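Note sheet for the following structure.
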Amino acid sequence: MNILFSGPAGLINEWLEVCKDHECTVYGRGIKKSFAEDVHVVHALDEAPHIDLVIDLHVRMSKKRRLVLGDTIADISNEAPILCNTVATTATELTSRVGADDRIVGMAALPGLIESGVVEVCFPYGAKHGHQEILSDFFASIGKRMQVVRDEVGMVTPRVLVVAINEAVLVCQQDLTGQEALDALMSVAMHERGPLSWGRRFGWRNVYTVLSAMHEELGGERYRPASLLKKMAMTE
1 MNILFSGPAG LINEWLEVCK DHECTVYGRG IKKSFAEDVH VVHALDEAPH
51 IDLVIDLHVR MSKKRRLVLG DTIADISNEA PILCNTVATT ATELTSRVGA
101 DDRIVGMAAL PGLIESGVVE VCFPYGAKHG HQEILSDFFA SIGKRMQVVR
151 DEVGMVTPRV LVVAINEAVL VCQQDLTGQE ALDALMSVAM HERGPLSWGR
201 RFGWRNVYTV LSAMHEELGG ERYRPASLLK KMAMTE
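Numbered by the working numbering, the letters in the sequence shown go through residues 1 to 236 in order.
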């Protein structure tokens, strides 16, 4: 399968590692960091081979992301599904901005999540699930099981983890215990990695982005980012 990747270099590299049995191309528009010499990078989509699947790993909605998706929708075969990272938005909202609701499928992607054996996906509201079999076969080919969830901000695993991370940051903010002690206490319940370790793995800016989107969508103090988390995101 020929796969086209776009998004932040760190996440792309994680996915390139698990997709090494496929032919992978990176669309380099807007990416400042370089890749290993053996990674096929194109800066114009007419340089890309025939593409069977697009994977957009951008975490945040931005002008750059809309431009990249616009290029992809216009220049890549209509038969190729577009897996879009929707941890900080919904597939429905994304398609309302860029179109192609029959091609876009949401996905949960943050640094480290690819280590799981399950990948969460969601479909825009009212969209047909026409690409479900193709995507299920693709994930099986990289040793993952595809789990369809509701199209909601944060999806399932990211939502649970960023809320736990925010609560842990709040505990540290209130000086109830130190960071290392808190992570040690929580690591047993969170499968050997405490909430602050997850926060560092995801990236504080990504955690803040997802939590802010959840707070905007859902309201409530439970999803309000701790002030310390905001500072950590700004200085990362």
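Even glycine gets a Cβ: it sits at the ideal position worked out from N, Cα and C. Predicted, not measured: the structure shown is a model, and the values here were computed from it.
Quick one: grab the DSSP three-state call for residue i.
i: Leu53; result: strand
i: Val26; result: strand
i: Arg224; result: coil
i: Gln174; result: coil
i: Val41; result: strand
i: Ala189; result: With a pLDDT of 45 at Ala189, under the threshold of 50, the predicted position of this residue should be treated as unreliable, though the coordinate-derived value follows. The answer is coil: DSSP assigns Ala189 none of H, G, I, E or B.
i: Glu79; result: coil
i: Thr209; result: helix
i: Met214; result: helix
i: Thr72; result: helix
i: Thr157; result: helix
i: Met1; result: coil
i: Phe35; result: coil
i: Glu152; result: coil
i: Met234; result: helix
i: Ser197; result: helix
Using C-beta distances below 6 Å, list every residue in its chain close to residue i, excluding the 5 sequence neighbours before and after it, in chain order.
i: Lys64; result: Gly30
i: Asp101; result: Thr95, Pro124, Ala127
i: Gln173; result: Ala226, Leu228
i: Ile82; result: Val54, Arg103, Ile104
i: Val68; result: Ser6, Arg29
i: Val118; result: Arg145, Gln147
Quick one: what's residue i bridged to in DSSP?
i: Ser6; result: Asp56
Can you list, in chain order, the residues of its chain with a C-beta nearer than 8 Å to that of residue i? Leave out the 5 residues immediately preceding and following it.
i: Cys19; result: Ile3, Ile142
i: His215; result: Tyr223, Arg224, Pro225
i: Arg111; result: In the sequence as displayed, the identity of residue 111 is Pro instead of Arg. So the qualifying residues of the chain are Gly10, Leu11, Glu14, Arg201, Phe202, Gly203, Asn206.
In its own chain, which residues sit with a C-beta less than 7 Å from the C-beta of residue i, not counting the 5 before and 5 after it?
i: Val188; result: Below a pLDDT of 50, predicted positions are generally treated as unreliable, and Val188, at 43, falls in that range; no measurement from the model is reported.
i: Ile76; result: Leu4, Leu45, Ile51, Val54
i: Glu217; result: Val153
i: Val156; result: Glu120, Val149
Would you say residue i touches the ligand SAH, meaning its beta carbon is less than 7 Å from a heavy atom?
i: Tyr208; result: The ligand content of the structure shown is nil, which means the ligand SAH is not present either.
Decide if the region 131-150 is in contact with the region 160-174; the criterion is three or more beta carbon pairs, one per stretch, under 8 Å apart. Not touching, per the Cβ criterion.
Quick check on the DSSP output: what are the complete beta strand (DSSP E) runs of length 3 or more inside the region 83-150, in order along the chain? Listed in chain order, they are 104-107, 118-122, 145-148.
Is there contact between the region 30-50 and the region 92-100, where contact requires at least three CB pairs shorter than 8 Å? Proximity of the region 30-50 to the region 92-100 falls short of the contact definition, fewer than three beta-carbon pairs being nearer than 8 Å.
Count Cβ pairs between the region 67-75 and the region 44-59 that sit closer than 8 Å; are there 3 or more? Touching, yes, given that three or more Cβ pairs across the two stretches are closer than 8 Å.
Touch check for the region 127-136 and the region 20-27: three-plus C-beta pairs under 8 Å? At 8 Å Cβ cutoff, the stretches do not touch.
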